[in-house]
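Student: To start, I am sharing the structure in question, which I have written as C-alpha cells.
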Amino acid sequence: DAGVIQSPRHEVTEMGQEVTLRCKPISGHNSLFWYRQTMMRGLELLIYFNNNVPIDDSGMPEDRFSAKMPNASFSTLKIQPSEPRDSAVYFCASSQLAGGGETQYFGPGTRLLVL
Amino acid sequence: KNEVEQSPQNLTAQEGEFITINCSYSVGISALHWLQQHPGGGIVSLFMLSSGKKKHGRLIATINIQEKHSSLHITASHPRDSAVYICAVGEGGADGLTFGKGTHLIIQP
Chain L
3 DAGVIQSPRH
13 EVTEMGQEVT
23 LRCKPISGHN
33 SLFWYRQTMM
43 RGLELLIYFN
53 NNVPIDDSGM
63 PEDRFSAKMP
73 NASFSTLKIQ
83 PSEPRDSAVY
93 FCASSQLAGG
103 GETQYFGPGT
113 RLLVL
Chain F
82 KNEVEQSPQN
92 LTAQEGEFIT
102 INCSYSVGIS
112 ALHWLQQHPG
122 GGIVSLFMLS
132 SGKKKHGRLI
142 ATINIQEKHS
152 SLHITASHPR
162 DSAVYICAVG
172 EGGADGLTFG
182 KGTHLIIQP
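Chains L and F are the protein sequences, given in the same order. Mapping of the first sequence onto my numbering: residues 3 to 117, in sequence order. Mapping of the second sequence onto my numbering: residues 82 to 190, in sequence order.
Set out below in C-alpha cells:
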C-alpha cells in the first residue's frame, strides 16, 4: 500500500497567487481530513470529508480556502488568493470510519511558503 | 471545543531512561491518539485508545477516562526515540482530531 499521497511536497509562491494542494487517500478509506501545522498554532483541523461529503469545514480560516473531494480517491485544498500567513505544512490524512474513533494515516505533508 | 494540554513541552533525557509524557483533555472523547512526528516532518500514529492500556514494543499508552488523562511511556529510551510526540483526541461523530501542542523529546546517547 502506498499510503496517503500528497502533492506537491513543497510549494513556493508569491502572495496573491492561487495554490492547489492534492491528496490521494488510502484505497478503501472513506474519511479524509485536511490539517494545517504552524509553529504558532500547532496542528489544526481544516476540513473533514466522509464518503466524499464535507462534514465540518469550521476550521477553514476564511473564504480564500476551499476544499473538494470529487471522488473517493482524490481531494484538493485550494487557497485563492494566497497570503504570507498561509505559510505552513498542510497534511492530509485518511481513515476507515468517520470521526476520531479510528486510526488516521497521515500523508507526508505539503510545505507551503507564500512570499 | 476540547482543550488538549500536554506536558512537558520539552524533555531531554539520557539513553536508557524511562520517559513519561502526559496529556489531559477537557471534554469527553471517543478516542485518544498518540502520534509521533520525526524531525523530517512525517506523522505516524502510535496508538489509538479509548480505555485501559496498550503496549507496542517499548511504548506503553494508558488512559483514564474519568480523569480525562492519558500518559505515554517509553521504556529503555534510545536516541532514535527523539521526536515530537503529539496527543490528539477525537470526539466521535463528525469531528476530526483536536491536537495538543506536542512534547519535543531528545534522548542523548
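Beta carbons are placed, not taken as given, at the ideal position from N, Cα and C, and that holds for glycine.
Locate the beta strand (DSSP E) running through Q98(L), then write down its first and last residues.
Tutor: Taking the first sequence and counting its residues from 1, one reaches residue 98(L) at position 96. Q98(L) -> no beta strand (DSSP E), and no H or E assigned at all.
Student: If you follow the beta strand (DSSP E) that Q12(L) is part of, which residue opens it and which one closes it?
Tutor: As a position in the first sequence, residue 12(L) is number 10, starting the count at 1. Before going further, note that residue 12(L) is His rather than Gln in the sequence given. For H12(L), the enclosing beta strand (DSSP E) begins and ends at 12-15.
Student: Using beta carbons (cut-off 9 Å, strictly below), is Q98(L) in contact with chain F?
Tutor: Start at 1 with the first residue of the first sequence, and residue 98(L) comes out as number 96. No, Q98(L) does not count as interfacial toward chain F.
Student: What is the rounded straight-line gap between the Cα of N114(L) and the Cα of L47(L)?
Tutor: Position 112 of the first sequence, counted from the start, is the residue given in the question as residue 114(L). Position 45 of the first sequence, counted from the start, is the residue given in the question as residue 47(L). The amino acid occupying residue 114(L) in the given sequence is Leu; Asn does not appear at that position. For L114(L) and L47(L), the distance between alpha carbons rounds to 17 Å.
Student: Quick one: measure Cβ to Cβ for V85(F) and C104(F), integer angstroms, because I've assumed they're closer than 8 Å.
Tutor: Residue 85(F) sits at position 4 when you count from the first residue of the second sequence. Residue 104(F) sits at position 23 when you count from the first residue of the second sequence. Yes, they are in contact, since the Cβ atoms of V85(F) and C104(F) sit about 7 Å apart, within 8 Å.
Student: May I have the straight-line CA-CA distance separating A175(F) from I57(L), to the nearest angstrom?
Tutor: By one-based count along the second sequence, residue 175(F) stands at place 94. By one-based count along the first sequence, residue 57(L) stands at place 55. Unreliable placement is indicated for A175(F), whose pLDDT of 47 sits below 50; no coordinate value is reported for it.
Student: How many Å lie between D88(L) and V116(L) at the Cα?
Tutor: In the first sequence, residue 88(L) corresponds to position 86, counting from 1. In the first sequence, residue 116(L) corresponds to position 114, counting from 1. Rounded to whole angstroms, D88(L) to V116(L) spans 7 Å at the Cα level.
Student: Can you say whether F99(F) is buried or exposed, counting buried as having 16 or more other CB atoms within 10 angstroms of its CB?
Tutor: By 1-based counting over the second sequence, the position of residue 99(F) is 18. Exposed: under 16 other Cβ atoms inside 10 Å.
Student: Using a C-beta to C-beta distance shorter than 7 Å, which residues of chain F count as neighbours of G44(L)?
Tutor: As a position in the first sequence, residue 44(L) is number 42, starting the count at 1. Within 7 Å Cβ-Cβ: F180, K182, G183.
Student: In chain order, what residues of the same chain have a beta carbon less than 6 Å from the beta carbon of I187(F), not counting five sequence neighbours either side?
Tutor: In the second sequence, the residue the question calls residue 187(F) occupies position 106. Cβ within range, chain order: T93, S163.
Student: Evaluate T112(L) with the Cβ neighbour count: other Cβ atoms within 10 Å of its Cβ, from every protein chain shown; 16 or more gives buried, anything less gives exposed.
Tutor: As a first step, residue 112(L) must be located in the first sequence, where it is residue number 110. T112(L) is buried by the Cβ-count criterion.
Student: What residue range is occupied by the uninterrupted beta strand (DSSP E) comprising H114(F)?
Tutor: By 1-based counting over the second sequence, the position of residue 114(F) is 33. Element bounds for H114(F): 112-118.
Student: For E46(L), list the residues DSSP reports as bridge partners.
Tutor: Here residue 46(L) is taken as the residue at index 44 of the first sequence, counted from 1. Per DSSP, R38(L).
Student: I'd like the span of the beta strand (DSSP E) that includes S151(F), first residue to last.
Tutor: For this step, residue 151(F) is matched to residue 70 along the second sequence. S151(F) -> beta strand (DSSP E) spans 150-155.
Student: For the segment 5-23 of chain L, which residues have a CB atom closer than 7 Å to at least one CB atom of chain F, in sequence order?
Tutor: none
Student: Please report whether the beta-carbon of V116(L) lies at a distance below 9 Å from any beta-carbon of chain F.
Tutor: What you label residue 116(L) is simply residue 114 of the first sequence in a count that begins at 1. False, the Cβ-Cβ gap to chain F never drops below 9 Å.
Student: So who's on the other strand from M129(F), going by DSSP bridges?
Tutor: For the purposes of this step, residue 129(F) is identified with residue 48 of the second sequence, where counting begins at 1. Answer is H114(F).
Student: Any beta-carbon of chain L closer than 9 Å to the one on G133(F)?
Tutor: Residue mapping note: residue 133(F) aligns to position 52 of the second sequence, counting from 1. So, not an interface residue.
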